[in-house]
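The sequence shown begins at 0 in numbering that gives the first Met the number 0 and counts up by one.
In this text, a Cβ means the ideal position worked out from N, Cα and C, and glycines have one as well.
Small disclaimer: the values here were computed from a predicted structure and weren't measured.
A short worksheet on the structure shown next.
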Amino acid sequence: MPGLFISFEGIDGAGKSTHIEALAQAFRDAGRTVVLTREPGGTPLAEQLRGLALNTAMDPLTEALLMFAARRDHLQQVIEPALARGDVVLCDRFTDATFAYQGAGRGFDLDVLAQLERWVQSVPALPAGQLRQPHLTLWFEVDPAVAAQRLAGARAPDRFESQPAEFFRRVAEGYARRADAEPQRFARIDGSRGREAVWQQVLAAVQGRGMLA
Ligand code: TYD
């Protein structure tokens, strides 16, 4: 079986986390080996970069470079080997988050992000010019006000979670632009509905693409 790469995206509080574990179990039940991972993070080095990026004040270019540095290590150490083995990689966030948070949220130069994306996601397994991208991106869309309510009081907020509502409106717009640019890769999940209804949308997106029976 060819490897499968699925990313999960959405603003903080969109409710993606519970469904990642459920989807992992569904793939395991179907006999697939699953690698459950996250960005920034997924390797010892990238987890250290995550700790810095989420908790230390820094300028937007430094922040973008840390996200892509973590991604490069994660791709090389975890994602590429897993895809080569034919595993299913379920990744909590990937590059769309950088375009949404650093690009739309922080207002950082999208052309620079696109250049970093080309450097970091060029991998030996793919022909020159083709970038490693998820085969499917499950985009959990929820009103930023609802997401903020879900997060309120949950735990001490990090550098992103503590941003004002206006930041998350921009992040949500950033995701929408990425989804518009690549409609075949994105599946929009209405994250405002109840847990079971959201799960049914996740299943339908994956099954509808023939990724799971
Ligand atoms: P998140 O995925 O929400 O994990 P948790 O559920 O543990 O809070 O947290 C990661 C944060 O990092 C989130 O606020 C978005 C941010 N982020 C970026 O700003 N840029 C990126 O490229 C990535 C991958 C994440």
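| Say the cut is 7 Å; is the CB of M66 nearer than that to a heavy atom of ligand 1? | Yes, the beta carbon of M66 sits closer than 7 Å to at least one heavy atom of ligand 1.
| field | A68: first and last residue of the uninterrupted beta strand (DSSP E) it sits in | value | Element bounds for A68: not the beta strand (DSSP E) but the alpha helix (DSSP H), P59 to H73.
| Counted within 10 angstroms of its Cβ, other Cβ atoms place T36 as buried (16 or more) or exposed | Classification of T36: buried, given that the 10 Å Cβ count is 16 or more.
| task | Please list, in chain order, all residues of the same chain as H134 whose beta carbon is under 7 Å from its beta carbon, the five residues on each side excluded. | result | Within the same chain, H134 has close Cβ partners L3, F4 and I5.
| Is any heavy atom in ligand 1 found nearer than 7 Å to the beta carbon of E46? | E46 Cβ: outside cutoff for every heavy atom of ligand 1.
| Buried/exposed call for E20, threshold 16 Cβ in 10 Å | Exposed: under 16 other Cβ atoms inside 10 Å.
| query | Rounded to whole angstroms, how far is the Cβ of A180 from the Cβ of A164, which I believe are closer than 8 Å? | reply | No, A180 and A164 are not in contact; Cβ-Cβ is about 25 Å, not under 8 Å.
| task | Could you name each continuous beta strand (DSSP E) segment of 3 residues or more that falls completely within the segment 71-107, going from the start of the chain to the end? | result | Within the segment 71-107, the complete beta strand (DSSP E) runs of at least 3 residues are 87-91.
| query | Just to confirm, does S16 get its C-beta within under 7 Å of one of the non-hydrogen atoms of ligand 1? | reply | Correct: S16 has its Cβ closer than 7 Å to ligand 1.
| message | Measuring only from the beta carbon, is A21 closer than 7 Å to any heavy atom that is part of ligand 1? | response | No; taking the cut-off as 7 Å, the Cβ of A21 has no heavy atom of ligand 1 nearer than that.
| request: Counting only runs of 3+ residues fully inside the segment 155-190, write out the beta strand (DSSP E) ranges in chain order. | output: Taken in chain order, the whole beta strand (DSSP E) runs of length 3 or more contained in the segment 155-190 are 185-189.
| field | Pick from P43, Q183, L211 and R70 that is closest to L112, judged by C-alpha positions | value | Per the C-alpha coordinates, the member of P43, Q183, L211 and R70 positioned closest to L112 is R70.
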